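Visitor: Read in order, the letters of the sequence shown are residues 174 to 358 in my numbering.
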Amino acid sequence: MVPYHQNHVDKYHQWMKSQELQELTGSEPLTLDEEYEMQLSWRDDEDKCTFIILDKERVNEGLSEVECMVGDTNLFIQQDDDVKTAEAEIMIAESSARGKGFGEQALSLMLLYGIKNLSVIKFIAKIKFGNIVSEKLFKKLGFSEESRSEVFGETTFSWMPENNSNSSLIYQQKFEIQHFQNTQN
Ligand SMILES: CC(C)(COP(=O)(O)OP(=O)(O)OC[C@H]1O[C@@H](n2cnc3c(N)ncnc32)[C@H](O)[C@@H]1OP(=O)(O)O)[C@@H](O)C(=O)NCCC(=O)NCCS
Numbered sequence: 174m175v176p177y178h179q180n181h182v183d184k185y186h187q188w189m190k191s192q193e194l195q196e197l198t199g200s201e202p203l204t205l206d207e208e209y210e211m212q213l214s215w216r217d218d219e220d221k222c223t224f225i226i227l228d229k230e231r232v233n234e235g236l237s238e239v240e241c242m243v244g245d246t247n248l249f250i251q252q253d254d255d256v257k258t259a260e261a262e263i264m265i266a267e268s269s270a271r272g273k274g275f276g277e278q279a280l281s282l283m284l285l286y287g288i289k290n291l292s293v294i295k296f297i298a299k300i301k302f303g304n305i306v307s308e309k310l311f312k313k314l315g316f317s318e319e320s321r322s323e324v325f326g327e328t329t330f331s332w333m334p335e336n337n338s339n340s341s342l343i344y345q346q347k348f349e350i351q352h353f354q355n356t357q358n
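#1: List, from N- to C-terminal side, the alpha helix (DSSP H) runs of 4 residues or more that fit wholly inside the stretch 284-326.
#2: Since glutamine 252 is in the beta strand (DSSP E), which residue starts that stretch and which ends it?
#3: In chain order, what residues of the same chain have a beta carbon less than 6 Å from the beta carbon of isoleucine 250, not counting five sequence neighbours either side?
#4: CB of glutamate 230 to nearest heavy atom of ligand 1: below 7 Å?
#5: Excluding the 5 residues flanking serine 320 on each side, which residues of the same chain have their C-beta closer than 7 Å to its C-beta?
#6: What is the DSSP secondary structure of lysine 184, counted as helix, strand or coil?
#7: In chain order, what residues of the same chain lie with their CB nearer than 7 Å to the CB of glycine 326, ignoring the 5 residues before and after it?
#8: Looking at C-beta atoms only, is the number of pairs between the stretch 228-242 and the stretch 276-288 that lie closer than 8 Å three or more?
#9: Helix, strand or coil: which one does DSSP assign to glutamate 262?
#10: Examine ligand 1 and report whether any of its heavy atoms sits within less than 7 Å of the Cβ of leucine 285.
#11: What span of residues does the alpha helix (DSSP H) with leucine 213 cover, start to end?
#12: Among the residues of its own chain, which have a CB less than 6 Å from the CB of glutamine 252, if the five just before and after it don't count?
#13: Does the Cβ of alanine 259 lie closer than 7 Å to at least one heavy atom of ligand 1?
#14: With DSSP as the reference, label asparagine 358 as helix, strand or coil.
#15: Cutting at 6 Å between CB atoms, please list the residues of its own chain near glycine 244, excluding the five before and the five after it.
#16: Taking 7 Å as the cut-off, is the C-beta of arginine 321 nearer than that to any heavy atom in ligand 1?
#17: Terminal residues of the continuous beta strand (DSSP E) containing leucine 227?
#18: Can you tell me where the alpha helix (DSSP H) with leucine 194 in it begins and where it stops?
#19: Using the C-alpha atoms, what's the distance from leucine 314 back to glutamate 207?
Below you can see the structure in the form of structure tokens.
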């Protein structure tokens with residue numbers, strides 16, 4: 174995973190023209206200029222954190238970073254009743270890259286980053302009704318349903334690492350990712 178830089182914006186903008194991705198991620202279409210402004214905001218704002226997900230196999234084949242982009246993951250930090258909370262988002266935009274473990278590995282790393290580097294106590298995820306794949310992924314990593322909004326057509330899931338035995342799954346993931354990286358190097 175790499176920080177979201179200017180050179181990623183063009184491809185990101187192409188991805189977000191997809192109506193399916195807009196619906197699944199609850200995103201509004203932006204102009205290219207607005208996407209560049211958004212990139213600066215994700216880079217500079219204290220309450221935001223974002224990484225672009227790369228396909229490491231393609232990186233190892235020597236392809237350019239832009240050619241290796243498969244998605245992104247974000248944390249949006251908020252103070253909720255004195256509990257440092259982060260809304261987690263994940264998108265594997267390249268449909269050919271889905272179902273290969275990228276989403277799970279990237280989200281696990283992002284949650285670990287939130288716990289260890291940003292001192293996040295609680296995570297939430299807002300998932301559109303019917304997005305079963307995303308629900309299964311977040312539940313697998315320990316999230317459970319907190320509330321439903323008929324108005325927004327989404328369910329809020331939450332996870333507090335201290336309270337949930339599934340946090341061990343994330344640490345397991347971290348180990349496996351490091352092991353994978355070591356064997357690739
Ligand atoms: C949701 C998404 C991030 C999952 O990422 P992914 O890389 O495809 O998923 P992974 O291969 O890492 O699979 C992780 C888990 O997700 C679930 N999952 C993945 N593909 C699935 C499918 N086709 N059907 C059902 N569950 C599925 C499973 O629980 C899987 O764990 P398992 O392999 O042990 O069963 C990805 O499909 C995506 O970005 N979709 C479009 C955008 C989106 O919906 N973002 C989420 C907004 S809240």
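Even glycine gets a Cβ: it sits at the ideal position worked out from N, Cα and C. Quick caveat: nothing in here was measured; it's all calculated off a predicted structure.
Guide: Taking the definition as stated:
#1: 305-313
#2: 242-253
#3: Asp220 and Ala259
#4: no
#5: Thr329
#6: helix
#7: Lys301 and Phe302
#8: no
#9: strand
#10: no
#11: 205-217
#12: none
#13: no
#14: Note on asparagine 358: pLDDT 48, under 50, position unreliable in the model; the coordinate value appears next. Looking at asparagine 358 - three-state DSSP - the assignment turns out to be coil, as it is neither helix nor strand.
#15: Ile226, Met264, Ile265 and Ala266
#16: no
#17: 221-227
#18: 192-198
#19: 33 Å
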